[in-house]
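In what follows, a single structure is set out as structure tokens and then discussed.
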Amino acid sequence: MRAILFAALAILCPTFGASVARASPVTVVVTGSDGKPLANAVVTVEVAGVPAPAPRGTYVMAQQRIAFDPHIIVVPVGATVSFPNRDKVRHHVYSFSAPKKFDLKLYGRDETKTVTFDKPGAVALGCNIHDSMSGFVFVTATPFAAISDASGRVTINGVPAGKATLSVWHPSIRAARNILSQPVAVAASGLSTAVNIRR
């Protein structure tokens, strides 16, 4: 069973006046059980009273080079995601995940199909033709969410100061819904936290 260790490290960034005192950066560094940086972890900060973001812009999960690109995307509840096929072969995209079960029958190069994600949670993707293909759409009800980079680092800006819940999702986390959470206190000047996922 995995556990999660949150170590408060430091407070970031000075406050530049009362008007921005409540817009705080939260920086998180995620490492795996081996102590190495963990990329592609979704970090969210939930703050009571902050409404879910409205979908804006275009959300795309392409199929190219027999892979989902990008491997993981984060979208708000209600977002419609396009699944364009940029390969020369046909794909059959599907998901059995509880937040959104769907089945996009075979379609070919330069064709696009769409899915609207109306519930929060991680949606695992597969291709019924190519078993090696896997990807994830992480649907969130908080505007404060980001994906860790190759160094395991995430910076989320504009988080209101006060009590919040910091959560980390990754498919390797052995916990309910692959998510581990911890209450945190975000200062007006920000918060920096290290997260280590341990077996």
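The opening position of the sequence shown corresponds to residue 2 in my numbering, with each subsequent residue numbered one higher.
We put the CB at the ideal spot given by N, CA and C, even for glycine.
These figures come from a predicted structure and were not determined experimentally.
Asked                                                                                                                       : Found
In chain order, each beta strand (DSSP E) run of at least 3 residues that lies wholly inside the stretch 130-157            : 135-141, 146-148
Nearest neighbour of residue 47, chosen from 60, 56, 34, 27 [CA to CA]                                                      : 27
Residues near residue 146 by beta carbon distance below 8 Å, same chain, minus five either side                             : 43, 44, 45, 46, 75, 139, 157
Range of the contiguous beta strand (DSSP E) that encloses residue 197                                                      : 192-199
Minimum length 3: unbroken beta strand (DSSP E) runs contained in the stretch 66-104                                        : 73-77, 80-85, 92-96
Proximity winner among 98, 39, 149, relative to residue 121 (alpha-carbon distances)                                        : 98
Strand pairing of residue 113, partner residues [DSSP]                                                                      : 85
Which residues DSSP lists as bridging residue 32, in chain order                                                            : 38, 197
Identity of the residues DSSP links to residue 168 by a beta bridge                                                         : 45, 182
Sequence-distant residues of the same chain with beta carbon closer than 8 Å to residue 124, five excluded per side         : 96, 98, 100, 101, 118, 137, 138, 139, 140
Span of the beta strand (DSSP E), counted from its first residue to its last, around residue 127                            : 122-128
Residues of its chain near residue 38, where Cβ-Cβ distance is below 8 Å and the 5 sequence neighbours each way are ignored : 30, 31, 32, 149, 151, 152, 153, 154
Where residue 188 sits in the DSSP three-state scheme                                                                       : strand
Where residue 63 falls: helix, strand or coil (DSSP)                                                                        : strand
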